[in-house]
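Scroll down for the structure; my scribbles are underneath it.
In this note's numbering, the protein residues as written are 275 to 462.
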């Protein structure tokens, strides 16, 4: 016999499945959007990775982590707002001062790390792998220092930024040198 639709909608299994689908959809909306990996002055600790949530619902990042790139686990309660940006930096105070960011939107990848890991992102390229708390790959960028990736590092010390969050960020042609303002906004 078929279960009537209204009965199915009231079952705990349906609610759990709906929640898992929503979590999966929101996880897919978080992208690695900007990377500052080649500071022109090695004594200035301003490397960072910026995440962007172009989705319409906030995403709970608690327990998410970078499997490659930097050793960082997002603390419980870390939420990336719908349309919001979040920066994970080697030295938040430097990034906040240099780029005029709010401390609320910058996390420290050196929290609990002794000694601190400065100049962690490789200047010649590497993979940055963002994973959910369950270990599912959410996003990955394997950047490089040569064509088709933008050339950065020399003054004026630009980062690389994704041209638009809907583009495939695994392709170097979809990135450009930043405009020097750090945290990017998608073009209109």
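Ideal Cβ placement from N, Cα and C applies to all residues, glycine included.
For residue 341, the enclosing beta strand (DSSP E) covers residues 339-342. When the beta-carbon positions are compared, residue 330 and residue 356 come within less than 7 Å of each other.
Collapsing the DSSP output to three states places residue 372 in a helix. For residue 386, the three-state secondary structure derived from DSSP is coil. The criterion of a C-beta distance shorter than 7 Å is satisfied by residue 364 and residue 392. Its chain contains 311, 321 as the residues whose beta carbon lies nearer than 6 Å to that of residue 395, once the 5 sequence neighbours on both sides are disregarded; these appear in chain order.
The beta carbon of residue 350 sits closer than 6 Å to those of 336, all from its chain and outside the five residues before and after it, given in chain order. Taking C-beta atoms as the reference points, residue 375 and residue 325 fail to come closer than 7 Å. Shown here, residue 446 sits in a helix according to DSSP, grouped into three states. Selection 440, 340, 318, 352 evaluated against residue 403 yields 340 as nearest (Cα-Cα).
According to the DSSP assignment, residue 346 belongs to no beta strand (DSSP E), since it is labelled neither H nor E. In this structure residue 305 touches residue 436 by the C-beta definition: roughly 7 Å separates them, less than 8 Å.
Distance from the CA of residue 390 to the CA of residue 373, rounded to the nearest whole angstrom, comes to 21 Å.
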